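Novice: Protein chains in written order, with my numbering: chain Z, 348 to 681; chain B, 348 to 681. Positions of the beta carbon are idealized from the N, C-alpha and C atoms, including for glycine. Since the structure is predicted, the reported quantities are computational estimates derived from the model, not experimental observations.
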């Protein structure tokens, strides 16, 4: 190779290397949110610095619905459960005339939208339990590969927030173990966490039911999913779930709703430098707007109250404005 | 440096390097148990080979009591709980006259040894719950640093089996994530798992109680340990706990008693090459003998029945004889 060409290539390589090293968060606009993340990572990984965190203690916890992917108008897992009802009714025809299955089978979206929490629990129990772990995983994966969101006409796993994917990768590149800590079903999220977020199943903490060990007719052991809730991983259940499943207090935590309040408090209350952040949905054009300032009709999905906003400001948590802080929201954005 | 000397040194270095690479299990005698471990690791890590296991799926599960450290004459954690009774009674003097606390306070070892399961549960609840996670961790660490086993007069954390420590390290050096899956208390084992075994707290699955999130008088959040059992990580509870906490089936599992049967079955029933092993305590001179052939007085600690031995032989599990397979048992052995 001619020396001039070699030099030019090495300059190019160096420049692109610098660009990558210099901006680990290219989908973020410059501003306090991006600055807070970069400063936190630099300080906690500077050996000998006052804020250094040993690699073994670098635990970061991420809520999923509304923090890592779209949660409106309804949680993706609830869509899964509703989509599974016909198969459940086919297997147990006696359910066809019983509520809430009757309403779901009617296809009347307005009536389905009005189902209460008790009805929803019956649907969750019927569609998420009573089968082997392997059968459940296969069904969930099949659905995720084919079902599409109504607005973007894309698989749900495409609807992850690119800026948050960058945060996950940036933290991992700096020795952090990234955990998902979700109110969603632990088994459900585990079926796609590794391919979608690079988070292995053993780093997913979620609402979890019990299983029962047994044997099939050939004597082969298997686990059956039971309708017995062991961990309701929401609100106070999030720090409780973190203790149960991880056993260490996170150094950084990311959420987007009142359900994440306790996890962010618990994270921030640890010794040394801590990072607690809240994603605020304030971009109706590119995603949805249901932040505290939006005066939206009351939503039960991802509620972010003014009280939470005030607590964040008072406690030194950083609020991320999707509208102002994120250059791109989805990887498929132009 | 003179060439001859340099050559000699490099030969020495090479030889010692070879010795290390060639024998990852120096405390094991040559034999079928050692061979099984080495063959398993080589086959599952040979890229392109028929038994290759991708790094993400390399999960190995180890029972603790009797598999990684001494469990006789009584589980170390039970000694901890008994040792904590005076402090509990001091804090709640009304317990001094109530059984089983009265018997424990009497110091009558024979009477203490006869306490039943219900009494033991009361002692466990009183000594392991009702305090913050931080207070519990501090107390357990203080005890582990000072308490000594009656036979060897050494800290309990010295009484780990050197050959099993080598297996843990050998598996980790080959990309395996090593988990402890113990009937003991998850929080208790987590206080020393990292320093004693190189297993971080998040890779300890154990019998686990619930916690409750709350705030102290200054508004600082903390978790209180509650006497509510979420996971009884023994027998069928082991595969159930593995699913809850890891979400993947192990490729290798190590146990020593009937309480590990289901974990070994579950591991072995997975696709591809699997390794299930049982440590048999048959060395009364160097440790204890309570294996199936020993015809010992019935022990409730680490029971290894003839039925389990027969199942192991029938199912292709490998039984490790402490007497014949282990050159050294403890790191402090001569």
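Roughly how many whole angstroms lie between the Cα atoms of residue 467 of chain B and residue 534 of chain Z?
Specialist: Whole-angstrom Cα-Cα distance: 34 Å.
Novice: Around the C-beta of residue 603 of chain B, are 16 or more other C-beta atoms found within 10 angstroms, so that it is buried, or is it exposed?
Specialist: buried
Novice: Please give me, in chain order, every unbroken run of the alpha helix (DSSP H) with length at least 4 that falls completely inside the region 591-617 of chain B.
Specialist: 608-615
Novice: What does a CB cutoff of less than 7 Å around residue 596 of chain Z pick up in its chain, not counting 5 residues either side in sequence?
Specialist: For residue 596 of chain Z, where only same-chain residues beyond five positions count, the Cβ hits under 7 Å are 613, 614, 617.
Novice: Is it true that the CB of residue 633 of chain Z sits closer than 9 Å to the CB of residue 670 of chain Z?
Specialist: yes
Novice: With distance defined between alpha-carbon atoms, name the residue in Z:416, Z:469, Z:524, Z:607 nearest to residue 547 of chain B.
Specialist: Z:524
Novice: For the candidate residues B:378, B:675, B:586, B:430, whose alpha-carbon lies nearest to that of residue 480 of chain Z?
Specialist: Ranking B:378, B:675, B:586, B:430 by Cα distance to residue 480 of chain Z puts B:586 first.
Novice: Enumerated in chain order, which unbroken segments of the alpha helix (DSSP H) with a length of 4 residues or greater are wholly contained in the region 442-486 of chain Z?
Specialist: 448-453, 456-460, 464-475
Novice: Report the residues of the region 561-592 of chain B with a CB closer than 7 Å to any CB of chain Z, ordered along the chain.
Specialist: 567, 568, 570, 577, 583, 586, 587, 590, 591, 592
Novice: Could you check where the beta strand (DSSP E) with residue 558 of chain Z kicks off and where it finishes?
Specialist: 551-562
Novice: Below 7 Å CB to CB, which residues in the same chain sit around residue 396 of chain B once its five sequence neighbours on both sides are set aside?
Specialist: Taken in chain order, the residues that qualify are 390.
Novice: Say whether chain B places a C-beta atom closer than 9 Å to the C-beta of residue 525 of chain Z.
Specialist: no
Novice: Quick check: the Cα distance between residue 648 of chain B and residue 561 of chain Z, rounded to an integer number of angstroms?
Specialist: 25 Å
Novice: Could you check the C-alpha separation between residue 410 of chain B and residue 536 of chain Z for me, to the nearest Å?
Specialist: 28 Å
Novice: Only counting the same chain, and skipping five residues up and downstream in sequence, which positions put a Cβ closer than 6 Å to that of residue 657 of chain B?
Specialist: none
Novice: Find the residues of chain Z that neighbour residue 594 of chain B, judging by a C-beta separation of less than 8 Å, and give them in chain order.
Specialist: 533, 534, 537, 548, 549, 551
Novice: Just by C-beta distance, which residues in the region 599-617 of chain Z are closer than 7 Å to chain B?
Specialist: 609, 612, 613, 616: these are the residues of the region 599-617 of chain Z whose beta carbon lies less than 7 Å from some beta carbon of chain B, given in chain order.
Novice: Assign residue 438 of chain Z to one of three DSSP states: helix, strand, or coil.
Specialist: helix
Novice: Answer with yes or no whether the minimum CB distance from residue 504 of chain Z to chain B is below 9 Å.
Specialist: no
Novice: If you reduce the DSSP assignment to three classes, tell me which class residue 490 of chain Z lands in.
Specialist: helix
Novice: With a CB to CB cut of under 7 Å and the five nearest residues on each side skipped, what residues in its chain are close to residue 462 of chain Z?
Specialist: Excluding positions up to five away in sequence, the list reads 447, 450.
Novice: What are the boundary residues of the beta strand (DSSP E) that residue 569 of chain Z is part of?
Specialist: 568-578 is the extent of the beta strand (DSSP E) around residue 569 of chain Z.
Novice: Taking 9 Å as the CB-CB cut-off, is residue 667 of chain Z touching chain B?
Specialist: No, no contact with chain B.
Novice: Assuming residue 381 of chain Z is part of the alpha helix (DSSP H), what are its boundary residues?
Specialist: 379-391
Novice: Which class does residue 660 of chain B belong to by DSSP, given the choice of helix, strand or coil?
Specialist: helix
Novice: Return no unless some Cβ of chain Z is closer than 9 Å to the Cβ of residue 619 of chain B.
Specialist: no
Novice: Whose C-alpha, out of Z:583, Z:522, Z:438, is nearest the C-alpha of residue 406 of chain Z?
Specialist: Of the candidates Z:583, Z:522, Z:438, the one whose C-alpha sits nearest the C-alpha of residue 406 of chain Z is Z:522.
Novice: Give the residues of chain B in contact with residue 480 of chain Z, contact being defined as C-beta atoms less than 7 Å apart.
Specialist: For residue 480 of chain Z, the chain B residues whose C-beta falls within less than 7 Å of its own C-beta are 590, listed in chain order.
Novice: Does the pairing of the region 489-496 of chain Z with the region 420-433 of chain Z give three or more beta-carbon distances under 8 Å?
Specialist: Result yes; three or more Cβ-Cβ pairs closer than 8 Å.
Novice: Is there a Cβ from chain Z that is less than 9 Å from the Cβ of residue 541 of chain B?
Specialist: yes
Novice: Would the beta-carbon of residue 531 of chain B fall within 9 Å of that of residue 424 of chain B?
Specialist: yes
Novice: So the alpha helix (DSSP H) residue 543 of chain Z belongs to, where does it begin and stop?
Specialist: 540-544
Novice: Got a sec? Which residues, its chain only, sit under 7 Å from residue 577 of chain B by beta carbon, not counting five neighbours each side?
Specialist: 555, 556, 557
Novice: Of the residues that make up the region 371-403 of chain Z, which ones have a beta carbon closer than 7 Å to any beta carbon in chain B?
Specialist: 403
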